[in-house]
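Asks: Here it is, the structure, as structure tokens.
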Amino acid sequence: MSMRKKTLLFVVPVNWAPLWETQIQAADPDLIIKVQGRDEYTPTDVGYALSFRPPPGLFKTLPNLKAVFSLGAGVDGFLLDTDYPRHVPLVRFVNQWLTMEMAQYTVLHTLMHHRQQRMFDALQKARQWRQGVPQRKTTDTRVGILGLGEIGQMAGERLRDLGFPVAGWSRTKKNVPGIESFAGDAELKAFLARTDILTCLLPLTPATQGILDAEAFAAMPVGAAVINAARGGHLVERDLVAALDSNHLSGATLDVFETEPLPESSPLWTHPKVTVTPHVAGRTDPKEAAQFVIDGMEKMERGEPLENTVDLSRGY
Ligand code: NDP
Ligand code: OXD
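Laid out in structure tokens, this is it:
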């Protein structure tokens, strides 16, 4: 009996393709892989697609599409496609190593703010040996996580285990041991008011766009610090700069930006209270991603339910 081969369309910048292609082809030598923009393909042949920020309108041209896989945990890039065929499941990349790296990033930069590391870096440059700098106690440094999902929960648990009082904000109430739960718009201000070091780990949706704005910063205690490892669209950059310059906020760490790569002209590059990293908080490992796609396609072919499908109406 002849089995029809599956065709997977890669919708990524052409120069990214070989990295993923090699791993996926190795995991399934029979799979036909086509790279959009590089290879010719017949739209009716395409059963599956893999992407991160697809060009709007592309998926509706693929009439036999069975599932779309996101190379990232965040799927905001797909939601920009108002023509996305809503009957086709969109599966996001949920992976223990990616989650772990995101938790590491959150812990690293929370500690950088808590232990005032940037100040010690400056003292080192000036060859100054200064002891006796006031240091707030860990148990008095209230950490807050916006978004208590896969990543937010692990980050919160790790910080809790280091002795910080941790709270999380989500849409629905959570019951995570040792983490105070705030939920919904009505509890956002109270959550911000008790947060000295905040990390944003929310998905970017219409409800969370611009959530890190002047109003949010004003609700936080004087001297608070902000870490954004989610998406640039959560942050109103000029409001952040104003809150830092007025000394209401003491510092910020940003991994994601409204425009990426961050333009050379951005004041964030040189702001003395800002740490910039180039969207590297958590990386999608090609081997893990290959297995994720192969497993998803096999499940689909067997008629089994897919895990981590996105609720398109909710946006995450
Ligand atoms: P999840 O979907 O697992 O978690 C999302 C959390 O946000 C949930 O707790 C959810 O609440 C909460 N939430 C969503 N909308 C709202 C809202 N309107 N109000 C309050 N809470 C809300 O996502 P992940 O943890 O897997 O990923 C989070 C984000 O991290 C991704 O969307 C991505 O943008 C970003 N990311 C960034 C990376 C980087 O390298 N910088 C790498 C990986 C991810 P509830 O549980 O109640 O539904
Ligand atoms: C992701 C990302 O969403 O890399 O996984 O930003």
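Under the numbering used here, residues 19 to 334 are what the sequence shown spells out, in order. From the three backbone atoms N, C-alpha and C, an ideal C-beta is built for every residue, glycine too.
1. Do Phe111 and the ligand SAM come close, with the Cβ less than 8 Å from some heavy atom?
2. In this structure, what does DSSP give as the bridge partners for Ala185?
3. Say yes only if the C-beta of Ala185 is nearer than 8 Å to one or more non-hydrogen atoms of the ligand OXD, and no if none qualify.
4. Given a threshold of 16 other Cβ atoms within 10 Å of its Cβ, counted over all protein chains shown, does Ser20 qualify as buried or as exposed?
5. Let me check one thing: in DSSP terms, what residues is Phe235 bridge-paired to?
6. Go ahead and pull the three-state DSSP assignment for Ala247.
7. Quick one, which of Asn82, Ile197, Phe182 and Gly181 has its alpha-carbon nearest Val188's?
8. For Phe123, collect the residues of the same chain with a Cβ closer than 6 Å to its Cβ; drop the 5 residues on either side in sequence, then sort them by chain order.
9. Helix, strand or coil, according to DSSP, for Val240 in the structure here?
10. If you compare alpha carbons, which of Leu272, Val259, Ile215 and Pro61 is closest to Asp158?
11. With distances taken from CA atoms, which of Gln41, Leu210 and Leu219 is nearest Glu233?
12. First and last residue of the beta strand (DSSP E) that includes Tyr102?
13. Is it true that the stretch 68-87 meets the stretch 20-38, where meeting means three or more beta-carbon pairs spaced less than 8 Å apart?
14. Look at His134 and Val151 and say whether their C-beta atoms are less than 9 Å apart.
15. Might you give, ordered along the chain, the residues of its own chain that have their beta carbon closer than 6 Å to the beta carbon of Thr271, omitting 5 neighbours on each side?
16. Using the Cβ count rule (16 or more neighbours within 10 Å means buried), how would you classify Arg22?
17. Determine whether the beta carbon atoms of Val93 and Val274 lie at a separation below 9 Å.
18. For the alpha helix (DSSP H) that contains Gly95, what are its first and last residues?
19. Identify the residues that DSSP records as bridge partners of Tyr66: which are they?
20. Locate the alpha helix (DSSP H) running through Gly228, then write down its first and last residues.
21. Keeping to the same chain, check which residues put their C-beta closer than 7 Å to that of Met318; ignore five residues upstream and five downstream.
22. Step through the CB atoms of chain D and report whether any lies within less than 9 Å of the CB of Val29.
Replies: Quick answer:
1. With respect to small molecules bound, the structure shown includes the ligand NDP and the ligand OXD and not the ligand SAM.
2. In the sequence shown, the residue the question calls residue 185 occupies position 167. Bridge partners of Ala185: Gly162 and Glu198.
3. Your numbering for residue 185 matches position 167 in the sequence shown. For the ligand OXD, not one heavy atom lies less than 8 Å from the Cβ of Ala185.
4. Residue mapping note: residue 20 aligns to position 2 of the sequence shown, counting from 1. Because Ser20 carries a pLDDT of 42, less than 50, the predicted location of this residue cannot be relied on, and the following value inherits that uncertainty. Answer is exposed; the Cβ neighbour count stays below 16.
5. Reading the sequence shown from its first residue, position 217 is the one you call residue 235. Answer by DSSP bridge pairing: none, since Phe235 is not bridged.
6. One-based indexing of the sequence shown puts residue 247 at position 229. Three-state DSSP puts Ala247 in coil, outside helix and strand.
7. To locate residue 188, count along the sequence shown from 1; it is residue 170. The question names Val, but residue 188 in the sequence shown is Ser. Ranking the options by Cα distance to Ser188, first place goes to Ile197.
8. For the purposes of this step, residue 123 is taken as the residue at position 105 of the sequence shown. Contrary to the premise, residue 123 reads as Tyr rather than Phe in this sequence. Here the set comprises Ala247 and Ala299.
9. Mapped onto the sequence shown, residue 240 falls at position 222. Secondary structure at Val240: coil, using DSSP grouped into helix, strand and coil.
10. The residue labelled residue 158 in the question sits at position 140 within the sequence shown. The shortest C-alpha separation from Asp158 is found at Ile215.
11. In the sequence shown, the residue the question calls residue 233 occupies position 215. Nearest C-alpha to Glu233: Leu210.
12. Here residue 102 corresponds to residue number 84 of the sequence shown, with the count starting at 1. Here Tyr102 belongs to no beta strand (DSSP E), and DSSP marks it neither H nor E.
13. yes
14. For this step, residue 134 is matched to residue 116 along the sequence shown. For this step, residue 151 is matched to residue 133 along the sequence shown. At residue 134 the sequence reads Gln, which differs from the His that was named. Yes, these two residues count as a Cβ contact at 9 Å.
15. Counted from its first residue, the sequence shown places residue 271 at position 253. Excluding positions up to five away in sequence, the list reads His127, Ile245 and Thr293.
16. Here residue 22 refers to the residue found at position 4 when the sequence shown is read from its first residue. Result: exposed.
17. Taking the first residue of the sequence shown as position 1, residue 93 is located at position 75. Taking the first residue of the sequence shown as position 1, residue 274 is located at position 256. No, they are not a contact pair.
18. As a position in the sequence shown, residue 95 is number 77, starting the count at 1. Element bounds for Gly95: Asp94 to Leu97.
19. On the sequence shown, position 48 is the one that residue 66 refers to. In the DSSP output, where bridge partners are listed per residue, Tyr66 has Leu26 and Ala85.
20. Here residue 228 is taken as the residue at index 210 of the sequence shown, counted from 1. No alpha helix (DSSP H) contains Gly228, which DSSP labels as neither H nor E.
21. The residue labelled residue 318 in the question sits at position 300 within the sequence shown. Here the set comprises Lys84, Ala85 and Leu324.
22. Although the question refers to chain D, the structure presented lacks it and comprises just one protein chain.
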